[in-house]
Amino acid sequence: MNPLAVFAKPWKSLPLPQLAAHIRSLGFDWIELPVRAGFPVEPQHIERDLPAAVKLLAEHGVRVLNVTADVPLDDERLYSACAAAGVAMNRVMFRQRDLDYWAAEAKARRKLDSALPLCERYGLQIGVQNHSGRFVPVNEMGLYQLLKDYDRRYVAAVWDPAHNALEGIDSDAALDIVAPLLCVVNLKNAYWRRVSGPEAERAKWRIYWTSGAQGRASWPRVIAKLRAIGYQGPICFSAEYTDEARVDELIVQDLAFARGLLA
Numbered sequence: 012m013n014p015l016a017v018f019a020k021p022w023k024s025l026p027l028p029q030l031a032a033h034i035r036s037l038g039f040d041w042i043e044l045p046v047r048a049g050f051p052v053e054p055q056h057i058e059r060d061l062p063a064a065v066k067l068l069a070e071h072g073v074r075v076l077n078v079t080a081d082v083p084l085d086d087e088r089l090y091s092a093c094a095a096a097g098v099a100m101n102r103v104m105f106r107q108r109d110l111d112y113w114a115a116e117a118k119a120r121r122k123l124d125s126a127l128p129l130c131e132r133y134g135l136q137i138g139v140q141n142h143s144g145r146f147v148p149v150n151e152m153g154l155y156q157l158l159k160d161y162d163r164r165y166v167a168a169v170w171d172p173a174h175n176a177l178e179g180i181d182s183d184a185a186l187d188i189v190a191p192l193l194c195v196v197n198l199k200n201a202y203w204r205r206v207s208g209p210e211a212e213r214a215k216w217r218i219y220w221t222s223g224a225q226g227r228a229s230w231p232r233v234i235a236k237l238r239a240i241g242y243q244g245p246i247c248f249s250a251e252y253t254d255e256a257r258v259d260e261l262i263v264q265d266l267a268f269a270r271g272l273l274a
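Numbering (our numbering), first residue to last: 12 to 274.
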């Protein structure tokens, strides 16, 4: 059965023992742990605090699937800390910023190339996620183009069907493209909501992050396709909702929805 994790970002204010208890009360025993400013493990203290955090969480019944660390990919502290903590993967995304797409992709490739010797030395995998908007890769063809020549043990794909749907790509086709590269599948959902009136001179749209059953990515189709390709790897729930006050309620609903589809 696929391990099911949740991204711990919404509960950044909780000390680690309380975070572990809360995660378990929601129905999870795996998490994706942010290593970011303002979180229990901060980038400047990653070597000291990440192994201690992983050990403490484990003592409270929660395991760390992976981290997403605001640490440069050529910084050896990231790799030594993950090795000491027993963390196998770091999820990353690359922003396009003011570069054109191909220049941004070349920059992302240079970052991955700089990471490879450290990945090999410490056994850490870099998971690259697709993201809608001005990111590299923006879709599954971009994900394949960026990652196809890397050793999957060290550089692999984190596929996000919600961002996939926001860019208008069929989920079955997307998985056909990235299946050989997968290390993790993210689950969340969203749709484009018109925020300008019907008579506005120009339409304005905004992404609305919603529950798994309500967005543009069909979770039933996604999970059916994952079964069809024999995917047994981890699934991580992003716990991202525009209505942030309902995060606990909605993540419990989404976990139940996904478990029903996976049964």
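Think of the CB as a built atom: it goes at the ideal place given N, C-alpha and C, for glycine as much as any other residue.
None of these values were measured; they are calculated from a predicted model.
(message) Are the CB atoms of residue 136 and residue 171 within a distance shorter than 7 Å?
(response) No, they are not a contact pair.
(message) Given this structure, state the Cα-to-Cα distance separating residue 111 from residue 72, to the nearest angstrom.
(response) Their Cα atoms are separated by approximately 45 Å.
(request) Take residue 13 as the anchor and find which of 234, 264, 21, 263 has the nearest alpha-carbon. (result) 234
(message) Suppose you measure from the CA of residue 181 to the CA of residue 59; what does that come to, to the nearest Å?
(response) 43 Å
(message) For the structure I just gave you, are there three or more beta carbon pairs, one from the stretch 49-59 and one from the stretch 86-96, closer than 8 Å?
(response) yes
(request) Classify residue 102 as buried or exposed, calling it buried when 16 or more other Cβ atoms lie within 10 Å of its own Cβ. (result) The C-beta of residue 102 has 16 or more other C-beta atoms within 10 Å across all chains shown, which makes the residue buried.
(request) Name the residue from 236, 241, 221 whose alpha carbon lies nearest to the alpha carbon of residue 264. (result) For residue 264, the nearest C-alpha among the options comes from 221.
(message) Whole angstroms are fine: how far does the CA of residue 178 sit from the CA of residue 160?
(response) 24 Å
(request) Quick one: grab the DSSP three-state call for residue 180. (result) Residue 180: coil per DSSP, three-state reduction.
(request) Can you tell me which of the three DSSP states residue 53 falls into? (result) Note: residue 53 maps to coil in three-state DSSP.
(message) Within a Cβ cutoff of 6 Å, which residues of the same chain sit near residue 190, ignoring the five residues on either side of it in sequence?
(response) 240
(request) Starting from residue 34, trace the alpha helix (DSSP H) both ways and give me its first and last residue. (result) Counting along the chain, the unbroken alpha helix (DSSP H) around residue 34 starts and ends at 27-37.
(message) From the DSSP secondary-structure annotation, give me the bridge partner or partners of residue 202.
(response) 219
(message) For a quick check, are the C-beta atoms of residue 37 and residue 67 less than 7 Å apart?
(response) no
(message) If I follow the unbroken beta strand (DSSP E) through residue 43, where does it start and stop?
(response) 41-46
(message) Tell me the DSSP secondary structure of residue 246 in three-state form.
(response) strand
(message) Rounded to whole angstroms, what is the Cα-Cα separation between residue 274 and residue 209?
(response) Take the alpha-carbon of residue 274 and the one of residue 209: they are about 43 Å apart.
(message) Across the stretch 196-204 and the stretch 246-263, are there enough close Cβ pairs to call them in contact, namely three or more that are closer than 8 Å?
(response) yes
(request) Quick one: grab the DSSP three-state call for residue 104. (result) coil
(message) Output needed for residue 174: all residues of its chain with C-beta closer than 6 Å, excluding positions within five of it in sequence on either side, in chain order.
(response) 141, 142, 143
(message) Per the DSSP calculation, residue 170 is bridged to which residue(s)?
(response) 196
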